[in-house]
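Participant:
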Amino acid sequence: MFQEYDVIVVGAGHAGCEAAAAAATMGSSVLLITMNMHTIAQMSCNPAMGGVAKGQIVREIDALGGQSGIISDKTMIQFRMLNLSKGPAMWSPRCQSDRVMFAQEWRNTLENNPNVDFWQDTAKEILIKDGKASGVKTSLGIEIKSKSVVLTNGTFLNGLIHIGEKNFGGGRTGEKAATGITEQLVTLGFEAGRMKTGTPPRVDGRSLDYSKMEEQPGDEIPAKFSYTDTKPLAKQRSCWITYTNSEVHEILRTGFEKSPMFSGRIKGIGPRYCPSVEDKINRFADKDRHQVFVEPEGWDTVEVYVNGFSTSLPEDVQYAALRKIPGFENAKMFRPGYAIEYDYFPPTQLKSTLETHLVKNLFFAGQINGTTGYEEAACQGLMAGINAHQNVHELDPFILKRSEAYIGVLIDDLINKGTEEPYRMFTSRAEYRTLLRQDNADIRLTEKGHEIGLASQERVEAVRKKKAEVEAIISAFSGTKLTPEEINPTLEAIGTALLREKISLSQLLKRPQITIDQLTEASPVVAGLLEEYGHDSIQQAEINLKYDSYIEKEMLLVEKMNKLENLGIVENFNYDVVTSLSFEGREKLKRTRPATIGQASRISGVSPSDISVLMLFIGR
391 MFQEYDVIVV GAGHAGCEAA AAAATMGSSV LLITMNMHTI AQMSCNPAMG GVAKGQIVRE
451 IDALGGQSGI ISDKTMIQFR MLNLSKGPAM WSPRCQSDRV MFAQEWRNTL ENNPNVDFWQ
511 DTAKEILIKD GKASGVKTSL GIEIKSKSVV LTNGTFLNGL IHIGEKNFGG GRTGEKAATG
571 ITEQLVTLGF EAGRMKTGTP PRVDGRSLDY SKMEEQPGDE IPAKFSYTDT KPLAKQRSCW
631 ITYTNSEVHE ILRTGFEKSP MFSGRIKGIG PRYCPSVEDK INRFADKDRH QVFVEPEGWD
691 TVEVYVNGFS TSLPEDVQYA ALRKIPGFEN AKMFRPGYAI EYDYFPPTQL KSTLETHLVK
751 NLFFAGQING TTGYEEAACQ GLMAGINAHQ NVHELDPFIL KRSEAYIGVL IDDLINKGTE
811 EPYRMFTSRA EYRTLLRQDN ADIRLTEKGH EIGLASQERV EAVRKKKAEV EAIISAFSGT
871 KLTPEEINPT LEAIGTALLR EKISLSQLLK RPQITIDQLT EASPVVAGLL EEYGHDSIQQ
931 AEINLKYDSY IEKEMLLVEK MNKLENLGIV ENFNYDVVTS LSFEGREKLK RTRPATIGQA
991 SRISGVSPSD ISVLMLFIGR
């Protein structure tokens, strides 16, 4: 009935979809197994993509040849570039998505890939032969053979949903939990744990009074995620902001004794940076209000997502508290919020490729690794799908360094430091964030994606054209000078120091008060230099000129760190023979099995003296 596949992907969430699409595009035969064909790429929580650091990840996925950016562009209903008041390292794209369109577009994308097959069923067991994953066994008792398996189970592994004192098995509302895989992996020697996440109630937008809220429109000139020719938005839907108050908090407190979180019924640890509303009012008792973001779920639906009001309190308490929020006085609830507990596997059990140490050709991606967020899941799925393909075809592993991508930072953090709470990406996690901007992801990654057969030739040609344009603009700005007479009127209007002698455009642009747009408006010379170039190339050149000293400083740090990254450690190195290692360092090194000295230096519990001892022992 089934052929032997190169890759079986278990789970069709954001990680599973990217894994399947990547492996199939690169030429592998792929089977995507999902419990429900109608919930492929379901946005289980808020209908949005991107955000601080997350938007950079979506752009990196796109630059490598993944699909999340393209699908986000096709299905967004609002776009905003966050943090524009800060430096470009902090600029982060975010879109509000049409929930139904997003899932449908992902399904269309996968169905249009001839290398992807589908099977609606539940994987109950991983088939293992000679220490390698060799397929899966489903709840129907069917054994399907493959050369590799990627697990992207999301919140479904022994998922348990909590609403007040009620709890029931489920991977998300209306869908059953998955059992069997955790139990099998534990018997094989894997360590497992429990985590929790939550979601807010959904309400009927027709019952809200938006006149009592603050409107949050999209950008006047909306950008997009993908570097391809997807079309920017022509129209947008607004989001809205309102606030809780002391009356809301008092009502919520009446349900605390029935709260599964406070009563101890929930054992898993929830996301620190996305707490439930009851957790917020408990931890921050001095705050008399908290923001609530009112987000439409699509073009053609009245359903609204109440961002900031995640809760697992009894439904009657949720409803009573909601109706005390300004604008929600007559709110009708579609369904209550809930918390969900699920199994995860500490990611220190993985290699940099996301392949497990214990079972060859078995990969984990997404929430099974202890992360939270569509974007974090999608990029792991992409990398697992790529490396499953590389393994099957006996090709070199594909690994991104911390200095190359936020994706590299995320995976490196997970496998070296592990996580005891749902991991979320922030710009502060990346020590080279000036290099890892959302505007240059294509320059950083597209040629790498093309080399492995994922990014198209057209993408590479577009990047090379952009690079040439950026270099031409920088050269022109370095070689062109303006006189005081030409530019002083503009400088005076801006409120910055006037010139006394000629100065190059590149030097002038280093002033923090001056932008390339202002120079273009002020000088026909500048306008003439830029008239043949596109917006992306001009913006890239401006950032490179304005921040060149910061960029150069980070590049020197990267070169220094790369000396350690290039010192490899053999896969089966015997740390027990290095008697000078600390006990904790030895145990952590044996558990994580770092591939390089650089990776070893970032493992929690491995000291600088351990690294020195290790380098001396291996003759470095």
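Each residue of the sequence shown is one higher than the one before, starting from 391 at the first, in our numbering.
No residue lacks a Cβ here, since even glycine has one placed at the ideal position from N, Cα and C.
Since this is a predicted model, take the numbers as computed values, not measurements.
(1) Count the CB pairs spanning the region 636-652 and the region 702-721 that are closer than 8 Å, and state whether there are at least three.
(2) Kindly list the residues whose CB is nearer than 8 Å to the CB of residue 455, restricted to its own chain and excluding five residues on each side of it in sequence; keep chain order.
(3) Rounded to whole angstroms, what's the CA-CA distance from residue 534 to residue 392? Just pull it up for me.
(4) So what's residue 478 in DSSP terms, helix, strand or just coil?
(5) What do you get for residue 589, buried or exposed, if any count of 16 or more other CB atoms within 10 angstroms of its CB means buried?
(6) Within its chain, find whatever has a CB closer than 7 Å to the CB of residue 893; leave out the 5 residues flanking it on each side and keep chain order.
(7) I need the boundaries of the beta strand (DSSP E) containing residue 695, first residue and last residue.
(8) Rounded to whole angstroms, what is the Cα-Cα separation between residue 510 and residue 748?
(9) Along the chain, where does the beta strand (DSSP E) containing residue 709 start, and where does it finish?
(10) Counting pairs of beta carbons, one from the region 447-463 and one from the region 802-813, are three or more of them closer than 8 Å?
(11) Between which two residues does the beta strand (DSSP E) carrying residue 633 extend?
(12) What's the call for residue 751, buried or exposed, on a 16-neighbour Cβ count within 10 Å?
(13) Report the rounded CA-to-CA distance for residue 875 versus residue 862, giving the unit in angstroms.
(14) Which one of 754, 701 and 855 has the shortest CA to CA distance from residue 405?
(15) Give the secondary structure of residue 1063 by DSSP, where H, G and I count as helix, E and B as strand, and everything else as coil.
(16) Pull up the distance between the alpha-carbon of residue 737 and that of residue 636, whole angstroms please.
(17) Go through its chain and collect everything with a Cβ distance to residue 620's Cβ below 7 Å, but skip five positions before and after it.
(18) If residue 523 sits next to residue 546, beta carbons under 8 Å apart, how far is it from one beta carbon to the other, in whole angstroms?
(19) At which residue ranges does the region 919-952 contain complete alpha helix (DSSP H) runs of 4 or more residues, listed in the order of the chain?
(20) Can you tell me where the alpha helix (DSSP H) holding residue 764 begins and where it ends?
(21) In whole angstroms, give me the CA-to-CA distance for residue 426 and residue 401.
(22) In angstroms with no decimal places, state the Cα-to-Cα distance between residue 776 and residue 916.
(23) Just the C-alpha distance for residue 659 and residue 673, rounded to the nearest angstrom, thanks.
(24) Compare the C-alpha of residue 664 against each of 995, 486, 967 and 812 and name the closest.
(25) Specify whether the region 474-489 and the region 506-520 touch according to this definition: at least 3 beta carbon pairs, one from each stretch, less than 8 Å apart.
(26) With DSSP run on the structure shown, which of helix, strand or coil describes residue 421?
(27) CA-CA distance, residue 733 and residue 559?
(28) Identify the residues that DSSP records as bridge partners of residue 585: which are they?
(29) Give me, in chain order, the residues of the same chain whose beta-carbon lies closer than 7 Å to that of residue 435; leave out the 5 immediate sequence neighbours on both sides.
(30) For residue 899, which residues from the same chain have a beta carbon less than 6 Å from its beta carbon, with the 5 sequence-adjacent residues on both sides left out?
(31) As an exercise, report each continuous beta strand (DSSP E) stretch of at least 3 residues that is fully enclosed by the region 639-690, in chain order.
(32) Identify the residues that DSSP records as bridge partners of residue 469: which are they?
(33) So, with DSSP's three-state summary, where would you put residue 510?
(34) Look at residue 466 and residue 485 and say whether their C-beta atoms are less than 8 Å apart.
(35) Between the region 895-914 and the region 792-799, can you find at least three pairs of beta-carbon atoms closer than 8 Å?
(36) Exposed or buried, which one is residue 639 when buried takes at least 16 other CB atoms within 10 Å?
Facilitator: The answer reads as follows:
(1) Segments in contact, yes.
(2) Excluding sequence positions up to five before and after residue 455, its CB lies within less than 8 Å of the CB of 412, 415, 836, 839, 840, 844, 845, 846 and 849, all in the same chain and listed in chain order.
(3) The alpha-carbon atoms of residue 534 and residue 392 are separated by roughly 6 Å.
(4) DSSP, read as helix, strand or coil, puts residue 478 in coil.
(5) With a 10 Å radius around the Cβ and a threshold of 16 neighbouring Cβ atoms, residue 589 comes out buried.
(6) The answer, listed in chain order, is 871 and 872.
(7) 693-697 is the span of the beta strand (DSSP E), which, as asked, contains residue 695.
(8) Taking the straight line from one Cα to the other gives about 28 Å.
(9) Under the DSSP assignment, residue 709 falls outside any beta strand (DSSP E), being part of the alpha helix (DSSP H) whose first and last residues are 705-712.
(10) Segment contact: the region 447-463 against the region 802-813, fewer than three CB-CB distances shorter than 8 Å; contact not assigned.
(11) 629-633 is the span of the beta strand (DSSP E), which, as asked, contains residue 633.
(12) Buried: at least 16 other Cβ atoms inside 10 Å.
(13) Their Cα atoms are separated by approximately 26 Å.
(14) It is 754 whose Cα lies nearest to the Cα of residue 405.
(15) Because the chain here runs from 391 to 1010, residue 1063 falls outside it and cannot be looked at.
(16) Approximately 41 Å between the Cα atoms of the pair.
(17) These residues qualify, in order along the chain: 460, 463, 464 and 614.
(18) Going by Cβ atoms, the distance from residue 523 to residue 546 rounds to 19 Å, so no, they are not a contact pair.
(19) Listed in chain order, they are 925-936.
(20) Element bounds for residue 764: 764-782.
(21) Roughly 9 Å between the two C-alpha positions.
(22) Residue 776 and residue 916 have their C-alpha atoms spaced approximately 44 Å apart.
(23) Distance between the alpha carbons of residue 659 and residue 673: 15 Å.
(24) Out of 995, 486, 967 and 812, 812 has the C-alpha closest to the C-alpha of residue 664.
(25) Not touching, per the Cβ criterion.
(26) DSSP places residue 421 in strand when its eight states are reduced to three.
(27) For residue 733 and residue 559, the distance between alpha carbons rounds to 12 Å.
(28) Answer is 659 and 732, bridged to residue 585.
(29) A distance below 7 Å between beta-carbons, with the five flanking residues on each side excluded, links residue 435 to the following residues of its chain, in chain order: 589.
(30) Contacts found: 935 and 936.
(31) Fully enclosed beta strand (DSSP E) runs of 3 or longer: 681-686.
(32) In the DSSP assignment, residue 469 is bridged to 485.
(33) If DSSP states are grouped into helix, strand and coil, residue 510 belongs with the strands.
(34) Yes; because the gap between Cβ atoms is below 8 Å, this pair is in contact.
(35) Touching, no, given that fewer than three Cβ pairs across the two stretches are closer than 8 Å.
(36) Buried, by the Cβ-count rule.
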